[in-house]
Structure formats: structure tokens, C-alpha cells
Amino acid sequence: MESAISQNPRYTHGAIALHWIIALLIIANYFLVWSAEDAPKAEEQRLVALHMATGITILLFSVLRVIWRITHPAPPHDETLKSWEVTLAKLVNRVFYFLIIAIPFSGWLMTSVFSAGKSINIYGLFNFPGLPFGKDEAAAGIVHEVHEVLAAIMLLLFIIHVAAALKHQFVDRNGTLGRMIPFLRR
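Just so we're aligned, residue 80 is where the sequence shown starts under our numbering, counting upward by one.
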């Protein structure tokens with residue numbers, strides 16, 4: 080019997096493209112910030128600047144992704160999924176949408192509060208305006224903690240998301256990955 084995923088359409092090309100662009104940028108941003116932690120000061124500043132530029136890029140693509148999702152609903156879940164799996168998938172999806180906006184926004188807010196609204200250079204191409212705040216290192220520290228907690232939650236959800244997708248693809252064999260990876264058969 081053919082699974083529902085093989086009968087249902089994939090995500091739209093726009094949703095697939097935005098999913099992978101955002102995912103790869105997020106992965107790159109984790110590596111940038113982790114690499115900056117033990118780097119010499121000049122290298123740390125360069126990596127943090129790239130981290131901030133990538134964060135703003137993620138924020139912009141994420142806003143576009145939310146708009147895309149509102150205007151292009153996701154295909155239905157495979158009918159073979161248990162109700163708890165569908166509920167958990169929907170919950171994780173909503174939390175991801177929150178995090179892909181909240182994490183880069185909190186980084187933008189933190190940078191703005193720490194620098195009194197100084198703009199963020201985006202890969203040497205242009206400056207993205209800072210938020211209009213005065214310098215407040217204590218507030219920046221609080222926002223930094225929020226930023227890190229949200230990033231830790233994102234990392235945990237990412238691991239769960241990948242594990243679930245692999246389980247559905249290779250254990251359940253329901254073609255889940257074919258919905259989001261264009262070259263896989265459904």
C-alpha cells in the first residue's frame with residue numbers, strides 16, 4: 080500500500096528553498112560562534128561580525144519563510160502517522176518558526192543595546208540599521224542570556240527534528256524526506 084506522502088504533493092519549491100537556506104545558515108552560525116569562543120581577539124571579532132551578519136540574514140529569510148508559509152500551506156501529514164506524531168510535529172514546527180525569528184531578533188536587540196543602536200555590517204555589502212536604544216550593558220547581558228537559551232533550545236529541536244525525519248524515512252519507510260529533499264523519491 081502506497082503511503083499518503085507518496086500521494087500528496089511535496090512542499091512548494093519556495094518552501095523547500097527557504098527551509099534549506101535557513102537551515103544551512105543556522106548551522107553555519109553555530110559554527111561561527113563556537114569557533115569565535117577560543118579564537119584570538121582579532122579573529123574572534125571577525126567571526127562574531129560574520130555571526131551577526133548571518134543572524135540578520137537568517138532573520139530576513141525567516142520573515143520571508145513565515146510569509147511564504149501563510150500564503151502557501153504545508154502539504155498534509157502522512158496518514159500513517161500516529162496522532163501524537165502529528166501533534167508533536169506541529170508543535171515542533173511552530174516552535175521552530177518562533178525560534179527562527181526570536182533568536183536572530185534577540186541577537187539584533189542585544190547588539191543594538193550593547194552598541195547604542197550601531198548598525199550591523201552585512202558581509203561588507205551594506206549596513207543593517209541597529210534598533211534605537213541607548214547603550215545598556217546590563218540589558219545586553221540579559222538579552223545575551225535569552226539569546227543563548229533560545230539557541231540551545233533550537234539545537235535540541237534540530238536534533239529531534241533530524242532524528243524524527245530519519246526514523247520516518249528509514250524505519251517507517253514512508254518517504255518523509257522526499258517532501259523536503261527534491262531529488263529523493265517520495
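Think of the CB as a built atom: it goes at the ideal place given N, C-alpha and C, for glycine as much as any other residue.
Since the structure is predicted, the reported quantities are computational estimates derived from the model, not experimental observations.
**Item:** Own chain partners of V276 with C-beta closer than 7 Å, once the 5 adjacent residues on each side are dropped
**Value:** Only positions 80 to 265 of the chain appear in this structure, which leaves residue 276 out of reach.
**F262 in three-state terms, based on DSSP** = Coil at F262, not helix or strand.
**Message:** Looking at R89: is its Cβ nearer than 8 Å to the Cβ of P154?
**Reply:** yes
**Request:** Could you work out which residue in P261, I260, L263 and A243 is closest to L160 when comparing CA atoms only?
**Result:** A243
**Asked** Going straight from the alpha carbon of I101 to that of D215, what length do you get?
**Response** 30 Å
**Request:** From the DSSP output, in three-state form, read off N206 for me.
**Result:** strand
**Message:** Give me, in chain order, the residues of the same chain whose beta-carbon lies closer than 6 Å to that of L245; leave out the 5 immediate sequence neighbours on both sides.
**Reply:** none
**Other residues of its chain near A59: CB distance less than 7 Å, five sequence neighbours each side excluded** = Because the chain in this structure spans residues 80 to 265, residue 59 falls outside the shown range and cannot be described.
**Beta carbon of M259 nearer than 8 Å to that of I199** = no
**Prompt:** Could you give the C-beta distance for L129 and A118, rounded to a whole number, given that I count them as a contact under 8 Å?
**Reply:** With a Cβ gap of about 12 Å, L129 and A118 do not count as contacting.
**Item:** Same chain, Cβ closer than 7 Å to P261, neighbours up to 5 away in sequence not counted
**Value:** I95
**Message:** Please classify P183 as buried or exposed, where buried requires at least 16 other C-beta atoms within 10 Å of its C-beta.
**Reply:** Taking every protein chain shown into account, the CB of P183 has 16 or more other CB atoms within 10 angstroms, so this residue is buried.
**Asked** How is the alpha helix (DSSP H) around N108 delimited, first residue to last?
**Response** H92 to E116
**Request:** Tell me I201's beta-bridge partners as DSSP assigns them.
**Result:** F205
**Message:** I believe I137 touches I105 by the beta-carbon criterion, under 8 Å. Please report the beta-carbon distance rounded to the nearest angstrom.
**Reply:** Their Cβ separation, rounded to whole angstroms, is 6 Å, which keeps I137 and I105 in contact under 8 Å.
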